[in-house]
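Below: one structure, written as structure tokens.
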Amino acid sequence: MSAPNVPELGTGHEDLESDPERSSFPYKEKAVPRVKYAADGKGRVLAWTFSVAVVFSIVTLISRSQARFSNYVPSLFLPAQAVEQCPDWFAAVADEFSPWKEKGGIDLADVEAAQPMASSRFQIINGSLYAEDFKGCWQTRKRYSMWGLLMFLRHFGDVVPDVDFMFDCGDMPQARRSPHPSDPIPALWGYNRQEESIDLTLPDWSFWGWPEVEITRWEEHGQKIMDAGRTFADWEERKATAFWKGALDVTAGLTAGLRANLTACTADPANGVEAYGKDWRAGGFSDTRQWEQCGWRYRIYAEGFAWSVSMKYGMACGAVMLVIDPFFAAFYHPGLAYGTNALLVRRVPLCESFREQITWANAHPAEAEAIGRAGLRFVEEDLSMRHVYDYMLHKFELYAQLQTFTPMRGERSVLVTEADILREASEIEPGKYLVEEVPLRGRPACRMHAQ
89 MSAPNVPELG TGHEDLESDP ERSSFPYKEK AVPRVKYAAD GKGRVLAWTF SVAVVFSIVT
149 LISRSQARFS NYVPSLFLPA QAVEQCPDWF AAVADEFSPW KEKGGIDLAD VEAAQPMASS
209 RFQIINGSLY AEDFKGCWQT RKRYSMWGLL MFLRHFGDVV PDVDFMFDCG DMPQARRSPH
269 PSDPIPALWG YNRQEESIDL TLPDWSFWGW PEVEITRWEE HGQKIMDAGR TFADWEERKA
329 TAFWKGALDV TAGLTAGLRA NLTACTADPA NGVEAYGKDW RAGGFSDTRQ WEQCGWRYRI
389 YAEGFAWSVS MKYGMACGAV MLVIDPFFAA FYHPGLAYGT NALLVRRVPL CESFREQITW
449 ANAHPAEAEA IGRAGLRFVE EDLSMRHVYD YMLHKFELYA QLQTFTPMRG ERSVLVTEAD
509 ILREASEIEP GKYLVEEVPL RGRPACRMHA Q
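For the sequence shown, the numbering used here begins at 89 and goes up steadily by one.
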């Protein structure tokens, strides 16, 4: 039975497909001419055939190169490497570039039109990262965003195209299209977008760490939450209510008062909501450890000033994510399928909408558990770091295809290296938060579905 007023949508998970193509043999045959030798005094002529000469040449090559190529296996004899299909929602990558596709490309004027809104200008040239800063960012967002780009280059640096782009580390999407068709279309990259904005989305800094709130990189932190969620093997062991804890000081913008209204739903137990405020400035995070919040069947996603980084952590528990109808979207939000891997909650009337969805879910525990498991599968597979990096590569490739100019290092840009970032970090960050990842070179990026 379906959840109330929620469409049944596909999960967006596809089976892996193998690529039948294999590399060609690395050596090309070289034609060796027939040679005649006058060998002895009797005038006998020894004719070496073409095939004998070829064999002799190969034997000589192998004997001279034995030490260097002793472990080499020609790719002809290696099994073909399977190329995984990208998640279906990766198709949204192309949708974000629609304004520039219609225009015929991204020119330098489009990039520079975004500068007043940007915190930095990034350039990736020949696999190296360059940056020019315009303004600061909250806490260590910029540091971890740059670290994310450097880790991305560790994995795919040899195939990443040259790109030149403006980036903003703030909460709010800012890029809008001018009403005048002849004006540049600002190409601004950031953490999220909304329906009327044209911001281009990248994974936020928390995928690589957020030391201020003691969140390590997603690969490690997420796994810890998933492991905790799996300790609740029986769905009935979880509390049949929805849990949320977060900051309440959102008093302006589209989401003003939303979280305060959410906590008010706690007053009536019939709503099935346990929502509490948290003052992050008070310090101490012993009561906000996400791997200790997996004992509820339902988790709540409530936006802050814009999107919130919290969704992936709640879904990692295997709980049903109750998403309060969002205004903003992070890069992976196109993968949400309400009724399949999450449930949608109306903003008005908020408490009644929670009561409706939770009552349905508690009356249909098997269906609710399946939604929770689908959400867990979504963040575990689709949001694995290998897919995060795949997403980034495909997005930069599309951006590069649309660039009508050749990216050049700016006069005020500086080379950004891992050593620079580690040197500027606090003592606790290297190794715990700033983790130097082992490159996955040789692993092909997932294959995008045909558009």
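Beta carbons: idealized from backbone N, C-alpha and C, even for Gly.
Predicted model only: the values in this text are computed from it and were never measured.
CB contact flag (residue i, residue j, <8 Å)
i	j	result
L528	R465	no
L342	F419	no
W379	K327	no
S208	F222	yes
C534	C174	yes
Y218	L424	no
G215	D246	yes
F244	F210	no
T228	E300	yes
V436	I412	no
A458	A449	no
C439	D356	yes
A386	V408	The residue asked about is misnamed: residue 386 is Tyr in this sequence, not Ala. Yes; because the gap between Cβ atoms is below 8 Å, this pair is in contact.
Whole-angstrom distance between residue j and residue i, CA atom to CA atom
i	j	result
Q282	C257	16 Å
L350	G317	24 Å
S472	E307	7 Å
L196	P187	15 Å
M205	V181	22 Å
A507	W298	19 Å
K366	T505	36 Å
G310	T428	21 Å
E391	M399	9 Å
F255	H421	20 Å
V526	R242	8 Å
A430	A417	15 Å
K520	T304	7 Å
G334	Y364	7 Å
W293	E324	35 Å
L490	D183	13 Å
G530	D176	23 Å
S501	A513	20 Å
E517	L510	8 Å
L336	S396	13 Å
I446	G192	48 Å
T339	N280	20 Å
L346	R497	44 Å
P515	A538	Per the sequence shown, the amino acid found at residue 515 is Glu instead of Pro. Roughly 47 Å between the two C-alpha positions.
L288	L522	25 Å
R377	A454	28 Å
First through last residue of the beta strand (DSSP E) which encompasses residue i
i	result
T329	K327 to G334
L346	Careful: L346 lies outside any beta strand (DSSP E), inside the alpha helix (DSSP H) at L346 to A352.
G365	V361 to G365
A219	S216 to D221
L431	L431 to V433
Y426	Premise fails: Y426 is in no beta strand (DSSP E) and is neither H nor E.
Beta-carbon contacts of residue i that lie in its chain and below 6 Å, excluding the five residues immediately before and after
i	result
Y487	V251
V361	A330, C353, T354 and F442
I388	A330, W332 and L410
M260	A394
L237	L217
D470	P175 and G423
Contacts around residue i, its chain only, beta-carbon distance under 7 Å, and the 5 residues preceding and following it disregarded
i	result
F178	Y479, H482 and M536
R265	P187, I273 and I286
V476	P291 and F295
E468	M314
A202	M254, A263, P274, A275 and L276
E524	E506
I150	Confidence at I150 is low in this model, with a pLDDT of 35, below 50, so the placement of that residue should be treated as unreliable; the coordinate-derived value is given next. Around I150: no qualifying Cβ.
A358	R443
Any non-hydrogen atom of the ligand COA closer than 7 Å to residue i Cβ
i	result
W306	This structure lacks the ligand COA, and indeed carries no ligand of any kind.
Residue(s) in a DSSP beta bridge with residue i
i	result
F416	Q282
T289	G278
D252	Q211
Y386	A330 and V408
R535	Q173
L503	Y218
Own chain residues within Cβ distance below 8 Å of residue i, not counting five before or after
i	result
G406	M314, G317, R318, F320, C382, G460, R461, G463 and L464
E499	none
V248	I212, G215, F240, L241, L481 and F484
P495	Q211, I212, I213, D250, V251 and D252
Where the alpha helix (DSSP H) through residue i begins and ends
i	result
I313	W306 to G317
F244	R229 to F244
I509	E506 to E512
M544	With the chain running from 89 to 539 in the structure shown, residue 544 is simply not present.
R443	L438 to A451
W188	S186 to K191
E300	Looking at the DSSP string, E300 is not in any alpha helix (DSSP H), and its letter there is neither H nor E.
V199	L196 to A201
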